[in-house]
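Step one of this worksheet: look at the structure below.
There are 2 protein chains.
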Amino acid sequence: MTDWGARAAERLKALAEASEPGPGVTRLPYTPQHRAAIDILSGWMKDAGLAVHLDAAGTLVGRLEGPEGSGTFYLGSHQDSVRHGGAFDGIMGVVLPILAIEKLLAGHVPLPFSVEVLAFADEEGVRFPTALVGSRALAGRFDPGVLEMTDNGGISLRQALCDFGLNPDAIGEIARPSQAALGYLEAHIEQGPVLEEEDQALGVVTAICGIERHQITLLGETGHAGTIPMGSRRDALVGASKIVTGINELANSVTDLRATVGALDVHPNVVNAVPGQVRMTVEIRSPIDATREAAGRDLAAMARNAAVQCSLALEIERSYSQPAQACDPALVKRLDTAVRQTGQQGLKLPSGATHDASAMADLCPMAMLFVRCRGGLSHRPEEYAAPEDLGRAVTAITHFLAQY
Amino acid sequence: MTDWGARAAERLKALAEASEPGPGVTRLPYTPQHRAAIDILSGWMKDAGLAVHLDAAGTLVGRLEGPEGSGTFYLGSHQDSVRHGGAFDGIMGVVLPILAIEKLLAGHVPLPFSVEVLAFADEEGVRFPTALVGSRALAGRFDPGVLEMTDNGGISLRQALCDFGLNPDAIGEIARPSQAALGYLEAHIEQGPVLEEEDQALGVVTAICGIERHQITLLGETGHAGTIPMGSRRDALVGASKIVTGINELANSVTDLRATVGALDVHPNVVNAVPGQVRMTVEIRSPIDATREAAGRDLAAMARNAAVQCSLALEIERSYSQPAQACDPALVKRLDTAVRQTGQQGLKLPSGATHDASAMADLCPMAMLFVRCRGGLSHRPEEYAAPEDLGRAVTAITHFLAQY
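Chains as they are written, first to last, in the numbering used here: chain Y, 1 to 404; chain P, 1001 to 1404.
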């Protein structure tokens, strides 16, 4: 009997070789490493009985043709990694459905629709200051303006696509008709510790969190740390610290809320000067838009209070926001059933991270299957999901498709 | 009648021309700008009747010979500025006593002792990673090891002294006999807002604050800001912020205590990652050593608590400490009387900053006269003390010397 988990682990190990020199995996879009991954994946797709082509956005597509007019169900994820990332994030969501289809066909289970396995070129947005190019293009939401964005080497996305043998001007034509798009399922490592803590191999995603980012600048007055009495200070770092602790307490006390001050820069940042300026970012995520937006308003109030308390000028700008994407209730239910059939509880959880599914949601109903990862770690060489869990995921995807 | 304040202001303006291109004044030790300042000051010293020489450490010395065996009283400060600093910090303490002596001699007031006006080459420590070279040398505390320290251009202090026409190997010989050293008075802008807030032109320094510096590293774990639940985080910046607000509250509640987190660096410092590491400095100053040391212990306890609360590893090191230097009670009393004779109240305050007086205290009793500066600002182009206040300081120094 085939050990599908072991096969998945072997394949992920082989794909991890398609990387810039380590540590970990570095596979950026439209590079020789990307080409190597395409070559490997194409072979496996063909072995599974899929017809393979590379679309104009660099998405590798493996298609199993169903009855005419039956519509297409999509499965997939991204082939790219962050720099010095792991062997699972993204690419696992390509490897598992290929095996699931192989398993279905081996069991002579006919599918009453067409299936496509998609390996998107770029979800991480590491090389170019844009991301989700392939999934947005399929959903008809591709912005041709991003073609002029350049990487650190000054190469535009347009040039990179051309150098990869693709025709950027044809990207607009790969949008799929939504009436024939039945749905999208993405399998992904959790990138968090919840499944591990709950002793569950698989999780069913309820929604992809909405995100908002705030850029805060606090302006006080620098001065000699020895000569300015405490009562005369306008210390921007003291004000910033009140915001950091305040937003952290808020996020700890509200369900379904995460808030992070990720970046904080102090000026002049020397041992003997009162900090005169701090620039900081605050990122707020929630699967519930109202919760996120309320936290954003609380943050603004907190920042105003801190500025008043410390006699600082305040600039606060919401620099980015993206609403939550609910997973499709019918697909969630079907995925839950499939997961339970593998002996797991079907634990529901939101996705804190953005995925290709966020963009595919503009095309069709979507769902996501989370796979437990060790220590909740991702975007690192140590990223790891156990072969047994990979096997459970293959089985769950098989059930999901068979019952569709 | 001579307007001594206006003359002081004119002289400081002239000296401000001895600077690298602006903004503000940049006059580093053993540079052409230093040479230009020496030439200007030498002329004024000679005009005031002082015998001038440059010692082996680059200190410009103007001496008025008193009765044989009567001992020497020292007045002075440093000629150097920080980069883009002001026209008053340091150099004002050289200009004012020259005028005070000129005023005394014009009034035919004989002095029963010798007087030396000193313009030290380097107090700020901007060019070389050492400072107080000239005052330490006079006090017999010069460390020849610092001669091998280099500036940003790779020039050693030894080489810089040689290039300036000085003999570094003779620095050991300029130590003055302490039995003949009657005392040292340094006039300096306050560099803080206290005199301005109290509507006083002049202040009498009680002590130069002791300083201790702590280097704190908080080690947590970085991770995806979207996927790590709040309860699973080990956020180093949240821990650091607790320390920043805690030490600030402590310093605000304890008399004679100042504490500053001046530098704070976050890693990886990106918008969507939980901060895994923070390195920060804490500087604590007090004129009372016991107060400072208690605050240092409180800081360590605070840091341990923050580390426990946020599940962080903590490294804390006291990287520097320097005890407070009390001003000499007899000189303080005499200076207080002199200041009151100018119509001021003789407001007492500690010096939060270190000065050449800190080093001269190892040679002889010392005192410091603070002059009000606008907005408490120093180390900036906007640094300013009013001519009327400069005039009051000249008069106070005159009284101080005449009554000695």
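Note that beta-carbon positions come from the ideal geometry of N, C-alpha and C, so glycine has one too.
query: Nearest CA to the CA of Leu1015 (chain P): which residue from P:Arg1035, P:Tyr1030, P:Asp1003 and P:Thr1002?
result: P:Arg1035
task: Give a yes or no on whether 8 Å exceeds the smallest Cβ distance from Gln1309 (chain P) to chain Y.
output: no
- prompt: Does the beta carbon of Leu331 (chain Y) sit closer than 8 Å to a beta carbon anywhere in chain P?
  reply: no
field: Straight-line Cα distance separating Pro229 (chain Y) from Val1194 (chain P)
entry: 8 Å
- prompt: Hey, is Pro29 (chain Y)'s beta-carbon within less than 8 Å of any beta-carbon in chain P?
  reply: no
- prompt: Nearest to Ile1288 (chain P) by CA position, among P:Gly1066, P:Thr1206 and P:Gly1231, is which residue?
  reply: P:Thr1206
field: Nearest-angstrom Cα separation, counted from Pro129 (chain Y) out to Gly343 (chain Y)
entry: 42 Å
message: Does chain P have any CB closer than 8 Å to the CB of Lys242 (chain Y)?
response: yes
task: Classify Gln1325 (chain P) as buried or exposed, calling it buried when 16 or more other Cβ atoms lie within 10 Å of its own Cβ.
output: buried
field: Any 3 or more C-beta pairs closer than 8 Å across the region 212-232 of chain Y and the region 337-352 of chain Y
entry: no
message: Using C-beta distances below 6 Å, list every residue in its chain close to Leu1147 (chain P), excluding the 5 sequence neighbours before and after it, in chain order.
response: Leu1157, Arg1158 and Pro1168
- request: Using a Cβ cut-off of 9 Å, pull out every chain Y residue sitting near Gln1191 (chain P), in sequence order please.
  value: Gly223, His224, Gly226, Thr227 and Ile228
query: Looking at the unbroken alpha helix (DSSP H) that takes in Ile40 (chain Y), where does it start and where does it end?
result: Pro32 to Asp47
- prompt: Would you call Glu1351 (chain P) buried or exposed, if buried means 16 or more other Cβ atoms sit within 10 Å of its Cβ?
  reply: First, the amino acid is wrong: residue 1351 (chain P) is Ser here, not Glu. So Ser1351 (chain P) counts as buried.
message: Quick check on Glu1293 (chain P): does DSSP put it in helix, strand or coil?
response: helix
task: Taking a Cβ distance cut-off of 7 Å, strictly less, list which residues of the region 1254-1288 of chain P are near chain Y, in chain order.
output: Arg1258, Thr1260, Val1261, Gly1262, Ala1263, Leu1264, Val1266, Asn1269, Val1270, Val1271, Asn1272, Ala1273, Val1274, Pro1275, Thr1281, Glu1283 and Arg1285
- request: Throw me the rounded Cβ distance for the Val117 (chain Y) and Ile98 (chain Y) pair, which I believe falls under 8 Å.
  value: 6 Å
task: Return yes when the Cβ of Ser1077 (chain P) is within less than 8 Å of the Cβ of Gly1058 (chain P), no when it is not.
output: no
- request: State the start and end residues of the unbroken beta strand (DSSP E) segment that holds Gly1183 (chain P).
  value: Ala1181 to Ile1189
- prompt: Can you tell me the Cα-Cα spacing of Ala1160 (chain P) and Thr1031 (chain P), whole angstroms?
  reply: 8 Å
task: Counting only the same chain and skipping the five closest in sequence on each side, list residues whose C-beta sits under 6 Å from that of Ala56 (chain Y).
output: Leu166, Asn167, Ala170, Ile171 and Ile174
query: CA-CA distance, Lys1430 (chain P) and Cys1327 (chain P)?
result: An answer regarding residue 1430 (chain P) cannot be provided, because it is not within the stretch 1001 to 1404 covered by chain P.
query: In chain P, what lies closer than 7 Å to His379 (chain Y) by C-beta?
result: His1224
query: Short check: CB of Gly1090 (chain P) to CB of Gly1024 (chain P), under 8 Å?
result: no
task: List the whole-angstrom C-beta distance separating Leu237 (chain Y) from Leu1264 (chain P), where the pair is believed to meet the contact cut-off of C-beta under 8 Å.
output: 6 Å
message: Cβ closer than 9 Å: which chain C residues qualify as neighbours of Val194 (chain Y)?
response: Annotation note: the requested chain C is absent from the structure, which comprises protein chains Y and P.
query: What residues in the region 1321-1351 of chain P bring their beta carbon closer than 7 Å to a beta carbon of chain Y?
result: none
query: How long is the line joining the alpha carbons of Thr1227 (chain P) and Ala1201 (chain P), rounded to whole angstroms?
result: 59 Å
task: Identify whether Thr1245 (chain P) lies in helix, strand or coil by the three-state DSSP scheme.
output: helix
query: Expressed to the nearest angstrom, what Euclidean distance is found between the alpha-carbon atoms of Cys373 (chain Y) and Thr1222 (chain P)?
result: 16 Å
task: Please classify Glu20 (chain Y): does DSSP put it in a helix, a strand, or coil?
output: coil
message: On the DSSP bridge list, what partners appear for Arg213 (chain Y)?
response: Y:Glu283 and Y:Tyr320
task: With a threshold of 16 other CB atoms inside 10 Å of the CB of Pro275 (chain Y), please say whether the residue is buried or exposed.
output: buried
- prompt: With contact counted as at least three CB pairs below 8 Å, one residue from each stretch, are the region 354-368 of chain Y and the region 297-310 of chain Y in contact?
  reply: no
- prompt: Would you report the Cα separation of Arg176 (chain Y) and Glu68 (chain Y), rounded to the nearest angstrom?
  reply: 16 Å
task: Could you tell me if Met178 (chain Y) is buried or exposed, where buried requires 16 or more neighbouring beta carbons within 10 angstroms of its beta carbon?
output: One detail in the question is off: residue 178 (chain Y) reads as Ser in this sequence, not Met. When all chains shown are included, Ser178 (chain Y) counts as exposed.
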